[in-house]
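Everything on this sheet refers to the single structure shown next.
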Amino acid sequence: MGRRRFWLGTCAGVLGVLLVLGSYAGYRVQRLLSEQGITLDWQALSLSPRGLRLDGFSLQQGGTAAGLQLHAGQLQLDWLASEAPRYRLRLQDLQLDWQPGPADATAAPPGDLQALLARLDAALPWLPRRLELQAVQAQLPCASGRCTLRGDASVQVRSAGLQLHSQLLHDAHRAELQAELQMPARDVPLQLQAELRLDDQAQLQLHSQLQRQADATRWSGRLSMPQLGEVAWFGDWLNQWLLSTPTALPATPQQARLAAQWQVQLAPGPWQLDDLLAAPGWLRLDALLQHPWPLPALGLVSGELAVDLHNAAGRWQARELHADLLLDPQGAPWLTALPDGLRPQQLRLQIAPRATPTSTPDALALHAQLQGQGPLRLQGEADIELQLQKDWALTLAHLRLDADAARVRLAGNRLDELQLRLRLSGLADGQRLDVVLGEGSRIALRRLRSGELELQQLGAELGALHLHGTPQTPQLEGPLTLHTQRLQHPRLQAQGWQWQGQLQATGERQHLAGSLLGDAGLGLALQLERDAAGELRTAATLEELFLRAGNPLPQLLADWPPLLSLDNGRLQGEAQLRLAPGQPLQAQLSLNVRGLSGIYDRSSFAGLDGELRLALEGERLDLHLPQLSARQIDPGIALGPLQLQARYQATLARPLAGVLSQQRAELGILGGSLSLAPHQWRLDSPSQVLPLRLSGLDLQQLFRVYPAEGLEGSGLLDGLIPLRLGAGGPSVEQGLIEARAPGGRLRFHSPRIRAMGQANPGMKLVTDALEDFHYDLLGSSLDYDQSGTLRLGMRLQGRNPAIEQGRPIHFNINLEEDIPTLLASLQLTAKVSEIIQQRIQQRMRQRVPQEIKE
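As structure tokens, then:
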């Protein structure tokens with residue numbers, strides 16, 4: 060009895076001590092959790108010899124805005140007497156809600172894989188032998204904000220490793236992952252085996268070994284995907300969990316097979332992704348995509364790919380490559396950037412190894428073929444040799460690329476039946492680029508339309524062009540020939556053209572220099588240059604034309620005046636154009652003529668010299684005539700010389716409504732001159748009046764050309780002739796002509812007029828007086844209407860010494876003359892060209908019926 064009381068007292072004491080220690084331990088745990096911001100709560104605690112159970116367990120860290128909340132319907136912790144670690148943990152009906160805070164969002168991910176493995180190795184003995192999570196439902200951050208993850212998971216710890224089995228549910232689908240990690244002693248490789256099953260179908264298998272050594276770690280393994288089924292939902296599901304990735308993962312391929320093997324040598328220390336990519340080793344990859352697989356920014360890809368890569372000097376390079384790939388762009392960004400008509404619907408690339416006598420272990424010899432279908436049809440092949448050295452080198456041989464497109468729309472231009480033929484060979488490496496286009500390289504178009512311009516059968520010969528420099532700064536140069544069988548424009552006569560010259564082009568500057576020759580014989584020296592700022596400069600020089608050998612201008616210009624013909628003299632011109640981004644168009648044109656002779660309408664001219672300068676800047680047009688002279692102009696009466704200086708300024712919006720500034724205008728006429736004082740005229744007025752001043756016209760020369768029988772005289776005439784230019788033609792109103800003092804002499808010997816005087820006494824006095832009339836006053840009004848009729852109202856005062864002892868005689872004479880007819884008759888009686896005679900006779904035939912009708 061005493062012994063029993065002793066043991067009861069002892070047990071009660073021990074139990075009391077344990078209660079005190081348990082209370083103190085609970086107090087210390089609660090204080091530690093409180094310091095960490097963790098609130099722990101449980102319900103219905105029950106103890107047994109095998110462990111403890113909680114029918115309700117909750118853990119909370121942080122607040123509702125950011126933190127961790129965990130609740131389990133049941134927590135079972137069992138301790139095992141014969142195993143280490145001596146406990147097993149099971150959580151049922153687990154609900155987890157985690158919202159990261161700012162510190163979690165900015166924390167850098169761990170990069171030291173070796174340290175992580177070391178911590179896992181050290182913690183392995185202390186992990187629960189088995190951890191089971193049943194009916195898990197977790198609310199976690201995802202791409203759309205918050206997503207729910209459901210499933211079960213279990214981890215079983217062994218003496219030298221662990222096993223993982225997890226099952227995750229997504230809608231009506233299930234993903235299972237089984238993995239086994241073996242971590243034996245340090246001299247035995249660490250091994251990982253894993254299998255992924257989707258909807259009870261094995262999809263991916265992984266076998267990996269990590270051999271840790273003193274100076275390096277060797278990682279080897281193989282990955283196989285024997286037959287990927289209909290698992291598009293899996294890729295969509297993974298995309299939901301992307302947090303900060305700029306682009307989503309590509310869709311999961313269907314009916315695909317993949318096999319990969321690798322071995323790399325990793326240096327000691329922390330391992331980052333860059334270290335893995337730079338590690339020496341090898342990789343073999345075989346892939347089969349039976350159905351098109353969408354790759355971002357590329358398109359739908361299908362086909363086969365086999366590649367053997369190795370890394371010996373910090374760069375992954377291929378030792379062998381097989382490929383048979385199909386690409387369907389289907390709205391890829393690179394495709395939509397191409398002009399309409401240059402977008403292939405499908406591309407096929409085939410690559411196969413090629414054995415050559417010069418092949419070395421450091422060289423990869425390949426034969427590549429490219430086919431394209433759709434609006435752009437492609438056919439190409441090439442022999443390629445890739446030097447597998449630290450500095451890459453690529454050699455191209457027998458590259459042939461043919462491209463055809465029925466119709467292309469490019470920057471508002473339309474190209475019909477485009478053909479591209481390229482034949483080239485060369486080499487390229489990191490510091491050098493040397494490629495030559497071979498014979499047969501060309502571009503051909505059946506038609507090119509750009510606004511009002513149309514070119515037919517257009518071609519460019521590209522043979523002998525040379526691409527050289529470096530891959531960063533390539534330069535293309537060499538001879539270039541452009542030709543078209545027919546160039547059409549409303550301002551030009553349709554004909555063929557050919558350009559031959561030199562091309563120099565870099566990424567920043569392009570320069571063309573050569574000669575342009577038309578079928579009609581017109582030649583131009585042409586230069587085009589575009590700089591890095593996008594400024595375009597054009598310079599054209601018209602080769603000197605000797606018009607005695609022929610005039611090609613009528614075969615060039617559609618608006619060439621049909622009544623103008625040039626038969627002698629020289630013509631030369633230059634033009635410059637400058638177009639810079641954001642700045643107005645600038646253009647200059649200069650035209651020089653020397654000794655020009657020809658015909659305009661029914662007038663001939665000779666000895667025409669002059670210079671014409673045209674400047675255009677934005678909307679401003681400036682036409683300058685610094686000097687124009689002509690030795691003779693003959694509309695029926697020989698006139699000349701001509702001297703003219705003028706300037707015209709207008710805008711492109713209203714080119715015929717500008718301001719004409721005349722500095723000098725003088726024309727010789729029958730020993731005298733017609734001149735115009737410097738003045739300005741606005742051409743937007745309906746009519747202009749030119750106050751012509753007549754000075755020193757010689758009556759003797761006038762009567763010599765005037766078709767009046769027996770009329771002669773002497774004296775000089777001056778006057779003012781207000782010439783009005785209007786829509787209906789030239790006219791003169793109230794002009795005035797006077798003889799210069801001291802007068803002159805008139806003689807009129809006409810048998811026909813004398814016979815009239817014999818029958819009329821009054822008329823006899825007139826005819827007798829004009830036999831030898833000495834005048835001291837000769838004046839006349841002058842009017843000229845738009846029909847061509849000249850009216851003179853003459854006042855004549857003087858005497859005939861042989862009549863009544865020279866008494867004064869006054870005459871008032873009204874004369875009317877059809878000037879066009881007069882000039883025509885003068886030309887017909889003179890030796891003029893056959894062209895002028897034909898035009899005069901045609902005009903007279905047209906005028907007679909009109910006069911009869913009136």
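Under this note's numbering, the first residue of the sequence shown carries the number 60, and numbering increases by one thereafter. Every residue gets a Cβ at the ideal spot worked out from N, C-alpha and C, and that includes glycine.
Own chain partners of residue i with C-beta closer than 6 angstroms, once the 5 adjacent residues on each side are dropped
| i | result |
| --- | --- |
| Glu363 | Leu347, Asp383 |
| Gln563 | Glu536, His570 |
| Asp660 | Leu622 |
| Leu585 | Leu575, Ala599 |
| Arg672 | Ser649, His683 |
| Ser809 | Glu768, Gly769 |
| Gln901 | none |
| Leu155 | Leu129, Ala197 |
| Gly731 | Ser754, Gly755, Leu756 |
| Leu228 | Arg209, Gly210 |
| Ser267 | Leu251, Gly280 |
| Thr454 | Glu444, Leu486 |
Residue i classed as buried or exposed, judged by whether at least 16 other C-beta atoms fall within 10 angstroms
| i | result |
| --- | --- |
| Leu715 | exposed |
| Leu711 | exposed |
| Phe116 | buried |
| Glu216 | For the record, residue 216 in the displayed sequence is Val; it is not Glu. Burial call: buried. |
| Gln845 | exposed |
| Glu520 | buried |
| Val467 | buried |
| Ala131 | buried |
| Thr276 | buried |
| Thr693 | Contrary to the premise, residue 693 reads as Asp rather than Thr in this sequence. Counting Cβ neighbours within 10 Å, Asp693 comes out buried, since at least 16 surround it. |
| Arg149 | buried |
| Pro685 | exposed |
| Arg543 | Checking the sequence, you will find Thr at residue 543 rather than Arg. It counts as buried. |
| Leu829 | buried |
| Val652 | buried |
| Leu474 | buried |
| Ala356 | exposed |
| Ser663 | buried |
Proximity winner among the options, relative to residue i (alpha-carbon distances)
| i | options | result |
| --- | --- | --- |
| Leu587 | Ala411, Gln260, Gly560 | Gly560 |
| Gln631 | Arg637, Leu615, Leu606 | Leu606 |
| Arg752 | Gly794, Leu703, Arg480 | Gly794 |
| Leu539 | Leu512, Leu255, Ala572, Gly555 | Ala572 |
| Ser790 | Gly730, Leu775, Asp842 | Asp842 |
| Asp835 | Leu581, Ile868, Trp296 | Ile868 |
| Leu106 | Ile97, Arg629, Gln135 | Gln135 |
| Leu874 | Leu849, Ile862, Asn651 | Leu849 |
| Gln320 | Gly294, Val366, Pro355, Gln226 | Val366 |
| Asp877 | Leu851, Gly857, Glu440 | Leu851 |
| Gly695 | Gln478, Val764, Leu667 | Val764 |
| Ser705 | Trp740, Gly727, Arg713 | Note on residue identity: the sequence assigns Ala, not Ser, to residue 705. Checking every option, the nearest Cα to that of Ala705 belongs to Trp740. |
| Leu111 | Ile97, Tyr146, Asn298 | Tyr146 |
Whole-angstrom C-beta distance between residue j and residue i, which should lie under 8 angstroms
| i | j | result |
| --- | --- | --- |
| Leu118 | Leu99 | 6 angstroms |
| Pro412 | Leu425 | 6 angstroms |
| Pro398 | Gln432 | Wrong, their Cβ atoms sit about 18 angstroms apart, outside the cutoff. |
| Ser484 | His457 | 7 angstroms |
| Gln579 | Pro611 | For the record, residue 579 in the displayed sequence is Ala; it is not Gln. Rounded, the Cβ-Cβ distance is 4 angstroms, consistent with contact. |
| Leu406 | Leu386 | 4 angstroms |
| Gln645 | Leu675 | 7 angstroms |
| Arg637 | Arg589 | The pair is not a contact, with the Cβ atoms about 11 angstroms apart (cut-off 8 angstroms). |
| Arg436 | Ala396 | At roughly 20 angstroms, the Cβ-Cβ gap does not stay under 8 angstroms, so Arg436 and Ala396 are not in contact. |
Beta-carbon contacts of residue i that lie in its chain and below 8 angstroms, excluding the five residues immediately before and after
| i | result |
| --- | --- |
| Pro860 | Asp831, His833 |
7 angstroms Cβ shell around residue i - same chain, five flanking residues per side excluded
| i | result |
| --- | --- |
| Ala665 | Ser656, Arg690, Gln691 |
| Gly497 | Arg482, Leu483, Ser484, Gly522 |
| Arg256 | Glu235, Gln262 |
| Ile862 | Asp827, Ala828 |
| Ala103 | Leu113, Asp114, Gly115 |
Every unbroken alpha helix (DSSP H) inside the region 101–127 [4 residues or more]: none
Whole runs of the beta strand (DSSP E) within the region 647–725, excluding any shorter than 3 residues: 662–676, 679–689, 691–693, 698–710
Whole beta strand (DSSP E) elements within the region 390–454, 3-residue minimum: 405–412, 422–432, 435–446
Beta strand (DSSP E) runs wholly inside the region 763–839, at least 3 long, in chain order: 770–773, 775–785, 788–798, 803–807
Minimum length 3: unbroken beta strand (DSSP E) runs contained in the region 447–495: 452–469, 472–488
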